[in-house]
Amino acid sequence: MDRTVEVAASNPYPSLPTINDEVQGYIAPTSPFAYSLSIFSSVSPVAQIDPFARTRNFSARRIVWAESFVLLLLVGWLYFSIVLHLAGQWWRDPNFSHGFFVPLFSLFVLWQNRSKLVAMRLKPSWWGLLILGFALSTLIVGVLGAELFLSRLSLLLVIAALVVLFAGWESFAALLFPWAFLILMIPIPAIIFNQITFPLQILASKLAGFVLPLAGVPVLREGNIIMLPEMALEVAEACSGIRSLLSLGTLAIIYGYLMESRIVSRILLALAAVPIAVAANSMRIVGTGLLVQYWDPDKAAGFFHDFSGWLIFVVSLIMLFVLHRLLRLLLRRSTEDTGVIGEGGN
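Just so it is clear: in the sequence shown, position 65 is 65 by this note's numbering, and no numbers are missing.
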């Protein structure tokens, strides 16, 4: 009797998953796209013994790719005029001409990390629908209110929503840097732009009014106007430094990403773009004042004025490079000192 029970309890054949097991495996608190995504991302035990499983997996993969393609077409149709107007502003407005390079660099970052992104496990989330609703609401408000900034910002929100909806929060975290970098391609709203440029004009005028007397040039400053013995220099909006500030800030982020692995160093390089741009623009105004005083007042405009802008921007890049070298040296010394202290403590 005991022998009979023992034989009945043991199963000489390997157990196969039942239909209930398969149903329970697919019913989960995920988005409606989880089923099709799970089919081609992993092969179930039933598929291993099913001769038609590979064909069905390939068909499911094609369905998901087709869904993604249709969504891309829909987003492209929805934002075609907005993106076209955005590119036109990049072309016409020198203050935002750096916008052409922003999406290209984001694509470069995606291509550089393509192996990591492809290997990530997809975990679609319902939160993507909520973000998508907010993004489309932002688009409607921007279009009805003729607010270009909101309309353009909604495109970034739609991208984030689709990533979360189809791939999940973990994938969005991996895409956070190239996604956030796209914000730099959107021009600043005019009301904020004007609030930034005028203080920059006053700051550049004050710095130039302080340095020029040290070089032997008497000045009298009234707001953003510098009175010289030969003529008056007006620090206009184009000379405020906002253009070089935006361009240098974008390049500083790109430079930090390519040349530094430390997050702290990348942040410091990006923040350093602000004082570097202000100092370089003040140097340009000082150079213009010296040119007016000691050479020819007519040289303050035209070729020399435009050439000085390019020259000062190159100087700004050199200052950023030198700052990076000094930052590396300081970090290396601090690391060595920490190691010496640690060895002494041991």
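The beta carbon of each residue, even a glycine, is placed where N, CA and C say it ideally should be. Just so we're clear, the structure is a prediction, and the values are computed from it rather than from any experiment.
Point to revise | Assigned secondary structure, I188 (DSSP; H/G/I helix, E/B strand, else coil) | key: Sequence index remark: in the sequence shown, residue 188 carries index 188 (1-based). Coil, per DSSP.
Exercise for review: Could you tell me the boundaries of the beta strand (DSSP E) in which R221 lies?
Suggested key: Counting from 1 along the sequence shown, the entry for residue 221 is found at position 221. It spans 220-222 - the beta strand (DSSP E) in which R221 sits, taken as one unbroken run.
Point to revise | Nearest-angstrom Cα separation, counted from L212 out to I191 | key: Your numbering for residue 191 matches position 191 in the sequence shown. Your numbering for residue 212 matches position 212 in the sequence shown. Near 32 Å, if we compare the C-alpha coordinates of L212 and I191.
Review point. CA-CA distance, E67 and I183?
Key: As a first step, residue 67 must be located in the sequence shown, where it is residue number 67. As a first step, residue 183 must be located in the sequence shown, where it is residue number 183. Those two C-alpha atoms are separated by around 27 Å.
Exercise for review: Measure the C-alpha to C-alpha separation of R266 and V235 and round it to an integer number of angstroms.
Suggested key: Position 266 of the sequence shown, counting from 1, holds the residue named residue 266. Position 235 of the sequence shown, counting from 1, holds the residue named residue 235. Cα to Cα, the separation comes out at about 32 Å.
**Study point:** Close-in-space but distant-in-sequence residues of the same chain around A280 (CB under 6 Å, 5 per side omitted)
**Key:** Residue mapping note: residue 280 aligns to position 280 of the sequence shown, counting from 1. I312, V315, S316.
Check your understanding: Per DSSP, what kind of secondary structure is M227 in: helix, strand or coil?
Key -> Reading the sequence shown from its first residue, position 227 is the one you call residue 227. If DSSP states are grouped into helix, strand and coil, M227 belongs with the strands.
Review point. With distances taken between CB atoms, is the gap from L246 to H324 smaller than 8 Å?
Key: Mapped onto the sequence shown, residue 246 falls at position 246. Mapped onto the sequence shown, residue 324 falls at position 324. Their beta carbons are not under 8 Å apart, which means L246 does not touch H324 by this criterion.
Point to revise | Simplified DSSP assignment, three categories, for A87 | key: Locating residue 87 in the sequence shown gives position 87, where the first residue counts as 1. In this structure, A87 counts as helix in the three-state DSSP scheme.
Exercise for review: Tell me, please, whether the stretch 164-175 touches the stretch 200-210 by the rule of three or more beta-carbon pairs shorter than 8 Å.
Suggested key: no
Practice item. Identify the continuous alpha helix (DSSP H) that holds A232 and give its terminal residues. Key: By 1-based counting over the sequence shown, the position of residue 232 is 232. Counting along the chain, A232 falls outside any alpha helix (DSSP H), though it belongs to the beta strand (DSSP E) covering 232-234.
**Study point:** Closest by C-alpha distance to S151, when choosing among L136, L162, V163
**Key:** Position 151 of the sequence shown, counting from 1, holds the residue named residue 151. Closest option to S151, Cα to Cα, is L136.
Point to revise | Buried versus exposed, by CB contacts within 10 Å (16 or more), Y294 | key: Position 294 of the sequence shown, counting from 1, holds the residue named residue 294. Y294 comes out exposed.
Practice item. Below 8 Å CB to CB, which residues in the same chain sit around V143 once its five sequence neighbours on both sides are set aside? Key: Within the sequence shown, numbered from 1, the residue matching residue 143 stands at position 143. Answer for V143: S151, listed in chain order.
Exercise for review: Could you give the DSSP three-state label for D93: helix, strand or coil?
Suggested key: Counting from 1 along the sequence shown, the entry for residue 93 is found at position 93. Coil.
Check your understanding: Are the stretch 272-292 and the stretch 222-230 in contact at 8 Å, needing three or more beta carbon pairs?
Key -> yes
Check your understanding: To which residues of the same chain is Y255 closer than 7 Å at the C-beta, ignoring the five residues directly before and after it?
Key -> Looking up residue 255 in the sequence shown gives position 255. Closer than 7 Å at the Cβ level, and outside the excluded window around Y255, lie L269, L320.
Exercise for review: Kindly indicate the opening and closing residues of the alpha helix (DSSP H) around K123.
Suggested key: Numbered from 1 along the sequence shown, position 123 holds the residue referred to as residue 123. Where K123 is concerned, there is no enclosing alpha helix (DSSP H), given that its DSSP letter is neither H nor E.
**Study point:** Length of the line joining the Cα atoms of L290 and G249
**Key:** Numbered from 1 along the sequence shown, position 290 holds the residue referred to as residue 290. Numbered from 1 along the sequence shown, position 249 holds the residue referred to as residue 249. Taking the straight line from one Cα to the other gives about 28 Å.
**Study point:** Buried/exposed call for Q201, threshold 16 Cβ in 10 Å
**Key:** Within the sequence shown, residue 201 is the residue found at index 201, counting from 1. The residue in question, Q201, is buried, as its Cβ has 16 or more Cβ neighbours within 10 Å.
**Study point:** Simplified DSSP assignment, three categories, for P12
**Key:** Position 12 of the sequence shown, counting from 1, holds the residue named residue 12. Caution is warranted here: a pLDDT of 44 is assigned to P12, below 50, making its placement in the model unreliable, and the coordinate value is therefore given only provisionally. P12: coil per DSSP, three-state reduction.
Check your understanding: With distances taken between CB atoms, is the gap from P178 to V83 smaller than 8 Å?
Key -> Locating residue 178 in the sequence shown gives position 178, counting from the first residue. Locating residue 83 in the sequence shown gives position 83, counting from the first residue. For P178 and V83, no; Cβs fall outside 8 Å.
Practice item. Would you give the residue range spanned by the alpha helix (DSSP H) that A238 belongs to? Key: Counting from one through the sequence shown, the residue named residue 238 turns up at place 238. Per DSSP, A238 belongs to no alpha helix (DSSP H) and is neither H nor E.
Review point. Of the choices V141, L107, W90, S106, whose alpha-carbon is the least far from that of F100?
Key: Here residue 100 refers to the residue found at position 100 when the sequence shown is read from its first residue. The option with the nearest alpha carbon to F100 is W90.
Review point. Roughly how many angstroms lie between the CA atoms of I39 and M120, to the nearest whole one?
Key: Along the sequence shown, one-based indexing puts residue 39 at 39. Along the sequence shown, one-based indexing puts residue 120 at 120. Note that I39 has pLDDT 42, beneath the 50 cutoff, so the model's placement of it is unreliable and no number is given.
Check your understanding: Shortest alpha-carbon distance to S105 belongs to which of A160, L139, L175, L72?
Key -> Taking the sequence shown and counting its residues from 1, the one referred to as residue 105 is at position 105. With the sequence shown as reference, residue 105 is identified as Phe, and Ser is not the correct amino acid for it. If we check each option's Cα against that of F105, L175 comes out closest.
**Study point:** C-alpha gap between A87 and I140, whole angstroms
**Key:** Along the sequence shown, read from residue 1 onward, the residue named residue 87 stands at position 87. Along the sequence shown, read from residue 1 onward, the residue named residue 140 stands at position 140. Each residue's alpha carbon lies about 21 Å from the other.
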